[in-house]
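Numbering (full-length UniProt numbering), first residue to last: 1 to 268.
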């Protein structure tokens with residue numbers, strides 16, 4: 001019995017080789033090339049001069065600050081709006097509530113630039129509703145990101161709300177508690193893990209968002225992904241672009257690790 005178990009275990013280990021090899025070929029190898037390029041300037045050799053040059057530049061510091069504040073503000077907006085919308089869908093009976101919840105799932109599959117284009121068609125310089133110049137500002141980027149990423153918060157919240165014991169809500173209501181108190185004392189504590197998981201995911205996605213910033217055409221809004229594009233395509237500074245990309249990847253991996261920890265504790 002033990003010999004058969006050992007043989008099966010060896011077979012499973014060998015079966016894991018092809019997917020690991022494919023992962024290394026299509027993901028780890030290109031990532032390794034990016035890191036290698038960041039350490040090998042055009043003059044040859046191995047050097048950290050590209051890192052020193054990028055870190056000392058005002059453009060990198062501005063892009064890092066812009067990326068962080070837009071990502072944090074967008075995440076906060078998504079948390080507030082997503083919580084309110086999920087609350088209405090889950091606890092306020094109205095015709096079509098299930099259809100709205102399913103549409104939120106479908107909405108997750110839309111590309112980000114499509115939502116940005118829709119906003120431009122509505123509120124752009126030649127928009128259907130009218131011309132609103134704020135779309136070409138950081139506030140336009142913020143609006144587009146909150147519009148696009150809010151369903152990523154709603155999805156885990158709706159799942160969490162489906163587990164809330166309605167008997168507690170009915171008991172609180174029978175004791176005279178008003179809706180705001182019920183939300184704060186009964187519903188919100190149950191939603192905190194889902195809020196943390198959804199917020200962590202949105203923060204990671206916002207830090208890496210490129211299409212929304214590009215398609216809004218916001219002047220003076222340069223995030224880390226936009227800086228990578230600018231250095232690689234417009235300036236042909238490939239070592240500098242790779243340095244910014246490595247920094248962006250490190251930040252994203254760290255936040256993704258936090259998201260996984262929060263999701264595991266939330267049972268998401």
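Cβ coordinates follow ideal geometry from the N, Cα and C atoms, glycine included.
In this structure, residue 67 keeps its C-beta atom at 7 Å or more from the C-beta atom of residue 212. Inside the stretch 191-220, DSSP marks whole alpha helix (DSSP H) runs of 4 or more residues at positions 211-216, from first to last along the chain.
With contacts defined by Cβ atoms closer than 7 Å, residue 214 and residue 248 do not form a contacting pair. 7 Å or more divides the Cβ of residue 158 from the Cβ of residue 191.
Residue 141 sits close to residue 216, with the two beta carbons spaced by under 7 Å. Nearest Cα to residue 71 within the set 227, 206 and 32: 206. Residue 63 counts as buried, since no fewer than 16 other beta carbons sit within 10 angstroms of its beta carbon. In this structure residue 250 is exposed. Its beta-carbon is surrounded by fewer than 16 other beta-carbon atoms within 10 angstroms. Ranked by Cα distance from residue 218, the options 96, 136 and 58 are led by 136.
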